[in-house]
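Trainee:
Numbering (the numbering used here), first residue to last: 2 to 342.
So, in structure tokens, the structure goes:
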């Protein structure tokens with residue numbers, strides 16, 4: 002019986018020594034499981050895309066900003082990121098970063114050197130506070146993609162409608178007058194300009210007019226035409242410096258003749274004469290130059306068509322001289338014969 006009591010005591014002793022160890026092991030096991038669950042719960046696999054280049058990242062951070070700092074990814078002031086840096090991240094999250102590029106904007110007389118990460122020219126201009134009206138021109142187009150080093154030109158276009166007055170030029174009416182020399186004019190009526198009012202639509206690009214369209218015009222005062230009388234008679238300077246007014250000029254062969262012995266009467270019944278200071282006798286073809294016509298022959302002087310001759314046919318004249326010697330001195334020559342008014 003004593004032996005049985007000893008065995009019972011020994012068994013209880015052994016059971017008491019193992020209990021704390023089992024409990025410790027179980028506790029450690031629970032801690033490991035909880036820690037594993039905790040760590041696995043905070044582990045995230047992310048995809049970071051920079052200018053289309055994607056990289057896988059494992060992180061235990063909570064926000065996009067913390068992930069960037071952890072991986073030493075710096076953002077410029079104009080860089081764009083999606084989602085925002087304050088966004089809580091999730092496993093499988095994709096972070097897209099677009100780096101700003103340098104470019105140039107020419108607008109309103111200014112040359113702006115900027116950086117931008119916008120996708121289109123339209124969004125870029127809006128982000129830079131460049132407002133556009135419906136007529137403004139943008140080159141390249143507003144829907145063009147933004148590229149590094151590109152130059153964007155904004156041309157301000159304005160349409161204005163207004164009225165303005167313009168003069169209406171007058172015409173000059175010339176009336177021919179066969180009683181006046183051709184070097185004389187006479188003003189019958191002075192001309193004056195009229196006035197018309199135009200309604201104009203003009204297009205301006207950067208302040209300069211590039212096109213205009215006349216929408217309507219109203220005559221406020223009609224022009225008054227000028228009227229001028231212009232002579233038609235020719236003028237030739239005679240041998241003695243006088244001006245001979247003629248109505249026709251013909252080219253003719255001029256020869257000389259003198260009185261027949263015992264005669265000296267012209268076909269007109271007048272006596273032949275040579276008057277250096279007046280009108281001398283000239284023989285003509287009446288079919289070309291009517292008898293009685295006053296003439297002027299350079300080198301000979303003034304004359305009257307008052308004689309005829311059997312050899313004087315067509316464009317030929319025979320000039321009267323007082324002597325045969327004078328006739329020989331003249332000879333035969335082509336001259337302009339002026340038929341005087």
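For every residue, glycine included, the Cβ atom is placed at its ideal position computed from N, Cα and C.
At the level of alpha carbons, what is the spacing between residue 248 and residue 198?
Mentor: Taking the first residue of the chain shown as position 1, residue 248 is located at position 247. Taking the first residue of the chain shown as position 1, residue 198 is located at position 197. The straight-line gap from Cα to Cα measures roughly 48 Å.
Trainee: Mark residue 284 as exposed unless 16 or more other C-beta atoms lie within 10 angstroms of its C-beta, in which case mark it buried.
Mentor: As a first step, residue 284 is located in the chain shown; it is residue number 283 there, counting from the start. Residue 284 is buried by the Cβ-count criterion.
Trainee: Counting pairs of beta carbons, one from the region 202–213 and one from the region 269–277, are three or more of them closer than 8 Å?
Mentor: no
Trainee: Pick out the complete beta strand (DSSP E) segments inside the region 38–80, 3 residues or longer, and give them in chain order.
Mentor: 45–51 and 54–60
Trainee: Using the rule of at least 16 other Cβ atoms within 10 Å of the residue's Cβ for burial, across every protein chain shown, is residue 322 buried or exposed?
Mentor: The residue given as residue 322 occupies position 321 in the chain shown. Buried, because 16 or more other Cβ atoms sit within 10 Å of the Cβ of residue 322.
Trainee: Taking the beta carbon of residue 223 as the centre, do at least 16 other beta carbons fall within 10 Å, making it buried, or is it exposed?
Mentor: Numbered from 1 along the chain shown, position 222 holds the residue referred to as residue 223. By the neighbour-count rule (16 or more Cβ atoms within 10 Å), residue 223 is not buried but exposed.
Trainee: Going straight from the alpha carbon of residue 136 to that of residue 113, what length do you get?
Mentor: Locating residue 136 in the chain shown gives position 135, where the first residue counts as 1. Locating residue 113 in the chain shown gives position 112, where the first residue counts as 1. Rounded to the nearest angstrom, the gap between the Cα atoms of residue 136 and residue 113 is 22 Å.
Trainee: Relative to the C-alpha of residue 330, which residue among 296, 291, 258 and 200 is closest?
Mentor: Within the chain shown, numbered from 1, the residue matching residue 330 stands at position 329. Residue 330 has its Cα closest to that of 258, out of 296, 291, 258 and 200.
Trainee: So, do the region 89–97 and the region 42–52 have three or more beta carbon pairs nearer to each other than 8 Å?
Mentor: Counting Cβ pairs under 8 Å, three or more are found: they touch.
Trainee: Is it the case that the region 173–184 contacts the region 224–241, given that we only count it when at least three CB pairs across the two stretches are under 8 Å?
Mentor: yes
Trainee: Name the residue from 311, 277, 141 and 63 whose alpha carbon lies nearest to the alpha carbon of residue 297.
Mentor: Here the question's residue 297 lines up with position 296 in the chain shown. Among 311, 277, 141 and 63, the Cα nearest to that of residue 297 belongs to 277.
Trainee: Buried or exposed: which applies to residue 119, given that a residue is buried once 16 or more other Cβ atoms fall within 10 Å of its Cβ?
Mentor: Indexing the chain shown from 1 puts residue 119 at position 118. Under this definition residue 119 is a buried residue.
Trainee: The alpha helix (DSSP H) with residue 327 in it runs from where to where?
Mentor: Here residue 327 is taken as the residue at index 326 of the chain shown, counted from 1. Counting along the chain, the alpha helix (DSSP H) containing residue 327 begins and ends at 325–331.
Trainee: With C-beta atoms as the reference, is residue 80 less than 8 Å away from residue 54?
Mentor: Translated into the one-based positions of the chain shown, residue 80 becomes position 79. Translated into the one-based positions of the chain shown, residue 54 becomes position 53. Taking 8 Å as the Cβ cut-off, residue 80 and residue 54 do not qualify as a contacting pair.
Trainee: Tell me the residue span of the alpha helix (DSSP H) that contains residue 122.
Mentor: The residue you call residue 122 lines up with position 121 of the chain shown. Start and end: 122–128.
Trainee: Enumerated in chain order, which unbroken segments of the beta strand (DSSP E) with a length of 3 residues or greater are wholly contained in the region 181–250?
Mentor: 186–190, 195–206, 209–222 and 227–238
Trainee: Does DSSP put residue 113 in a helix, in a strand, or in coil?
Mentor: Position 112 of the chain shown holds residue 113. Note: residue 113 maps to strand in three-state DSSP.
Trainee: Could you tell me whether any non-hydrogen atom of the ligand COA is closer than 7 Å to the CB of residue 84?
Mentor: The ligand COA is not part of the structure shown, which contains no ligands of any sort.
Trainee: Can you give the beta carbon distance from residue 116 to residue 86, rounded, assuming they're within the 8 Å contact cut?
Mentor: Looking up residue 116 in the chain shown gives position 115. Looking up residue 86 in the chain shown gives position 85. Going by Cβ atoms, the distance from residue 116 to residue 86 rounds to 19 Å, so no, they are not a contact pair.
Trainee: Going by DSSP, what residue range makes up the beta strand (DSSP E) through residue 168?
Mentor: The count along the chain shown starts at 1 and reaches residue 168 at position 167. Residues 158–169.
Trainee: Closer than 8 Å, CB to CB, is residue 177 near chain C or not?
Mentor: The chain labelled as chain C is not found in the depicted structure, where only one protein chain is given.
Trainee: Leaving out five residues before and five after residue 31 in sequence, what residues of the same chain have Cβ atoms less than 7 Å from its Cβ?
Mentor: Residue 31 sits at position 30 when you count from the first residue of the chain shown. Reliability of the predicted coordinates at residue 31 is poor, the pLDDT of 48 falling under 50, and the value obtained from them is presented with this limitation in mind. Result list for residue 31: empty, nothing under 7 Å.
Trainee: Could you check which residue in 73, 335 and 124 has the C-alpha nearest to that of residue 144?
Mentor: Stepping through the chain shown from its first residue, residue 144 is reached at position 143. Selected option, being the one with the closest Cα: 124.
Trainee: Between the alpha carbons of residue 90 and residue 72, how many angstroms are there, rounded?
Mentor: By 1-based counting over the chain shown, the position of residue 90 is 89. By 1-based counting over the chain shown, the position of residue 72 is 71. In a straight line, the C-alpha of residue 90 is about 15 Å away from that of residue 72.
Trainee: Any idea what DSSP makes of residue 292, helix, strand or coil?
Mentor: In the chain shown, the residue the question calls residue 292 occupies position 291. Residue 292: coil per DSSP, three-state reduction.
Trainee: Evaluate residue 263 with the Cβ neighbour count: other Cβ atoms within 10 Å of its Cβ, from every protein chain shown; 16 or more gives buried, anything less gives exposed.
Mentor: Here residue 263 is taken as the residue at index 262 of the chain shown, counted from 1. Confidence at residue 263 is low in this model, with a pLDDT of 48, below 50, so its placement is unreliable and the value that follows should be read with caution. Residue 263 comes out exposed.
Trainee: Would the region 149–161 and the region 202–209 be scored as touching if the rule is three or more Cβ pairs under 8 Å?
Mentor: yes
Trainee: Please classify residue 343 as buried or exposed, where buried requires at least 16 neighbouring CB atoms within 10 angstroms.
Mentor: The structure shown has nothing for residue 343, since the chain only spans 2 to 342.
Trainee: How is residue 25 classed by DSSP in three states: helix, strand or coil?
Mentor: The residue you call residue 25 lines up with position 24 of the chain shown. Of the three classes helix, strand and coil, the one that applies to residue 25 here is helix, per DSSP.
Trainee: Going by DSSP, what residues sit across from residue 105 in a beta bridge?
Mentor: Numbered from its first residue, the chain shown carries residue 105 at position 104. Bridge partners of residue 105: 114 and 152.
Trainee: In three-state DSSP terms, what is residue 259?
Mentor: Along the chain shown, read from residue 1 onward, the residue named residue 259 stands at position 258. If DSSP states are grouped into helix, strand and coil, residue 259 belongs with coil.
Trainee: With DSSP run on the structure shown, which of helix, strand or coil describes residue 131?
Mentor: Position 130 of the chain shown holds residue 131. Residue 131: coil per DSSP, three-state reduction.
Trainee: Using a Cβ-Cβ cutoff of less than 6 Å, which residues in the same chain neighbour residue 139 once the five nearest sequence positions on both sides are dropped?
Mentor: The residue you call residue 139 lines up with position 138 of the chain shown. Once the five neighbours on either side are set aside, the close Cβ partners of residue 139 are 155.
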